[in-house]
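Colleague: Residue numbering for the sequence shown follows this note's numbering, beginning at 48 and increasing consecutively. Glycine included, every Cβ here is placed at the ideal spot set by N, Cα and C. Please read all numbers here as calculations on a predicted model, not as lab measurements.
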Amino acid sequence: MKSFTRVTGTLAPMLAPNIDTDVIMPKQFLKGIDRQGLDRGLFFDLRFSANGAPNPDFILNQKPWQQAKFLLVGANFGCGSSREHAVWGLQQIGIRALIGSSFAGIFNDNCQRNGVLTINLTEDELAYLSHVAKSTTDSEITIDLVKQQIVTANEQIVFEVDEIKKYALVNGLDAIGFTLKYQEQIKAFEQQYYQHNPWLDVNKPA
48 MKSFTRVTGT LAPMLAPNID TDVIMPKQFL KGIDRQGLDR GLFFDLRFSA NGAPNPDFIL
108 NQKPWQQAKF LLVGANFGCG SSREHAVWGL QQIGIRALIG SSFAGIFNDN CQRNGVLTIN
168 LTEDELAYLS HVAKSTTDSE ITIDLVKQQI VTANEQIVFE VDEIKKYALV NGLDAIGFTL
228 KYQEQIKAFE QQYYQHNPWL DVNKPA
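See below:
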């Protein structure tokens, strides 16, 4: 998994509340058994017109937000059904972090496990960043996860993040990678457990 330490890029405003996972990644893009093509599926019904052409009114089709690395989102972003494809699609167009007041629980977990940082801020902080994000000339920010800071041209905002989540993102570890950090302890526990419960060891010769 790609690590997240310090990333600079454009912040795009998507401030509508309750954007659900079917809006982020419509169901017709869930048929594949791999992760291919999800960049096109992301926000498909918003990004594209009925004739398949890019919708000029959608924020991510406009300059300077076409290459956005961060989204400033409304409350309860990622609600609805659990679909990891939504996070994979965000990754495939280059989104590294989401900033908002609240995120749906499963979606938030999926972000962490796939390298997308989610940041919760206060309403005052979000109001300030909304002003920054809507600027066509000054919407670039830096997110420093190590220092837990969002740096704009005029302000620095400190944010809170779970220590385990931070460690995993900084070191590029998904859930499996994080578990493997403890493989020696796991093996030691397994050996001790089977010594006390030998009838459970199906690999032991009869």
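How many angstroms separate the CA atom of residue 248 from the CA atom of residue 235?
Modeller: Spanning the two alpha carbons is a distance of roughly 15 Å.
Colleague: Is it true that the CB of residue 164 sits closer than 9 Å to the CB of residue 118?
Modeller: No, the Cβ-Cβ distance between residue 118 and residue 164 is not below 9 Å.
Colleague: Applying the criterion that 16 or more other CB atoms from any shown protein chain within 10 Å of the CB defines a buried residue, is residue 239 buried or exposed?
Modeller: Exposed, by the Cβ-count rule.
Colleague: Taking only the alpha-carbon atoms, compute the straight-line gap between residue 155 and residue 125 and give it to the nearest angstrom.
Modeller: Computed Cα separation, rounded: 8 Å.
Colleague: Apart from the five residues just before and just after residue 131, which ones in its own chain have a Cβ nearer than 6 Å to its Cβ?
Modeller: Only 157 meet the Cβ criterion.
Colleague: Is it true that the CB of residue 60 sits closer than 9 Å to the CB of residue 106?
Modeller: Against a cut-off of 9 Å, the Cβ pair of residue 60 and residue 106 comes out as a contact.
Colleague: For residue 290, collect the residues of the same chain with a Cβ closer than 6 Å to its Cβ; drop the 5 residues on either side in sequence, then sort them by chain order.
Modeller: Beyond the ends of the chain as shown, which are 48 and 253, falls residue 290; an answer cannot be given.
Colleague: Going by other Cβ atoms of all chains shown within 10 Å of its Cβ, with 16 needed for buried, is residue 135 buried or exposed?
Modeller: The residue in question, residue 135, is buried, as its Cβ has 16 or more Cβ neighbours within 10 Å.
Colleague: If residue 148 and residue 167 are in contact, beta carbons under 8 Å, what's the gap, nearest whole angstrom?
Modeller: At roughly 6 Å, the Cβ-Cβ gap stays under 8 Å, so residue 148 and residue 167 are in contact.
Colleague: Verify whether the separation of the beta carbon atoms of residue 162 and residue 219 is less than 9 Å.
Modeller: In this structure, residue 219 lies closer than 9 Å to residue 162 by Cβ.
Colleague: Once you ignore the five residues that flank residue 48 on each side, which residues in its own chain have a CB closer than 6 Å to its CB?
Modeller: Closer than 6 Å at Cβ, skipping near neighbours: 162, 219 and 221.
Colleague: Just to confirm the assignment, what range does the beta strand (DSSP E) spanning residue 117 have?
Modeller: Start and end: 117 to 120.
Colleague: Need the endpoints of the beta strand (DSSP E) that residue 54 sits in, please.
Modeller: Segment 53 to 61, the beta strand (DSSP E) holding residue 54.
Colleague: My parser needs the alpha helix (DSSP H) runs of 4 or more residues fully inside the region 126 to 150; what are they?
Modeller: You should have 131 to 139.
Colleague: State the DSSP-derived secondary structure class of residue 105, mapped to helix, strand or coil.
Modeller: Three-state result, residue 105: coil.
Colleague: Quick test of the definition: if touching needs 3 or more C-beta pairs under 8 Å, does the region 50 to 57 touch the region 82 to 92?
Modeller: They do not touch, by the three-pair rule.
Colleague: Looking only at its chain, what residues have a beta carbon closer than 8 Å to the beta carbon of residue 202, apart from the 5 residues adjacent to it on each side?
Modeller: These residues qualify, in order along the chain: 175.
Colleague: Within its chain, find whatever has a CB closer than 8 Å to the CB of residue 92; leave out the 5 residues flanking it on each side and keep chain order.
Modeller: Only 70 and 73 meet the Cβ criterion.
Colleague: Roughly how many angstroms separate the alpha carbons of residue 78 and residue 243, rounded to a whole number?
Modeller: The straight-line gap from Cα to Cα measures roughly 46 Å.
Colleague: Excluding the five sequence neighbours on either side, which residues of its own chain have a C-beta within less than 6 Å of the C-beta of residue 189, listed in chain order?
Modeller: If we look at residue 189 and ignore the five residues flanking it on each side, its Cβ neighbours are 55 and 198.
Colleague: With H, G and I counted as helix, E and B as strand and the rest as coil, what does DSSP make of residue 157?
Modeller: Residue state, collapsed to three classes: helix.
Colleague: What first and last residue would you give for the beta strand (DSSP E) that runs through residue 83?
Modeller: Residue 83 -> no beta strand (DSSP E), and no H or E assigned at all.
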